[in-house]
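**Q** In this note's numbering, the protein residues as written are 34 to 121. Note that beta-carbon positions come from the ideal geometry of N, C-alpha and C, so glycine has one too. The structure presented is a predicted model; accordingly, all values stated were derived computationally and were not measured.
#1: From this set, 119, 41, 49, which residue's C-alpha is nearest residue 76's C-alpha?
#2: Report yes if the C-beta distance between residue 86 and residue 74 is below 8 Å; otherwise report no.
#3: Under the three-state reduction of DSSP, which class applies to residue 116: helix, strand or coil?
#4: Taking the Cβ atom as the reference point for each residue, do residue 95 and residue 102 lie within a distance shorter than 8 Å?
#5: Which term fits residue 54, buried or exposed, when burial requires 16 or more other beta carbons within 10 angstroms of its beta carbon?
#6: Does the Cβ of residue 67 have 16 or more other Cβ atoms within 10 Å, making it buried, or fewer, making it exposed?
#7: With distances taken from CA atoms, which of 107, 106, 90, 108 is nearest residue 100?
Below is the structure:
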């Protein structure tokens, strides 16, 4: 799957990769995950749609030392990606 490819690519390039699903209705939102997962991080990569990206950005904006944010658009509607000509 595309997520396995992303994880392998990050790992092969020297990143310690940890994967957390963002499920806001299940108490697994970015707000809880980024606080309780043992950061600080130097890089956060968000894979998903606009809702997932919104949750991650909102949490990162509250942090004093913000990590770099990477975004891999993989939601069901990718108007932003299409507009920026980011390939699937």
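**A** According to the structure shown:
#1: Working through the chain shown from its first residue, we reach residue 76 at position 43. Checked all of 119, 41, 49; the closest Cα to residue 76 is 49.
#2: Walking along the chain shown from the start, residue 86 turns up at place 53. Walking along the chain shown from the start, residue 74 turns up at place 41. In this structure, residue 86 keeps its C-beta atom at 8 Å or more from the C-beta atom of residue 74.
#3: Position 83 of the chain shown, counted from the first residue, corresponds to residue 116. Of the three classes helix, strand and coil, the one that applies to residue 116 here is helix, per DSSP.
#4: Stepping through the chain shown from its first residue, residue 95 is reached at position 62. Stepping through the chain shown from its first residue, residue 102 is reached at position 69. Not a contact, by the Cβ cut-off of 8 Å.
#5: Residue numbering aside, residue 54 sits at position 21 when the chain shown is read from its first letter. By the 10 Å Cβ count, residue 54 comes out exposed.
#6: The sequence position of residue 67 within the chain shown is 34, counting from 1. Classification for residue 67: buried.
#7: Numbered from 1 along the chain shown, position 67 holds the residue referred to as residue 100. It is 90.
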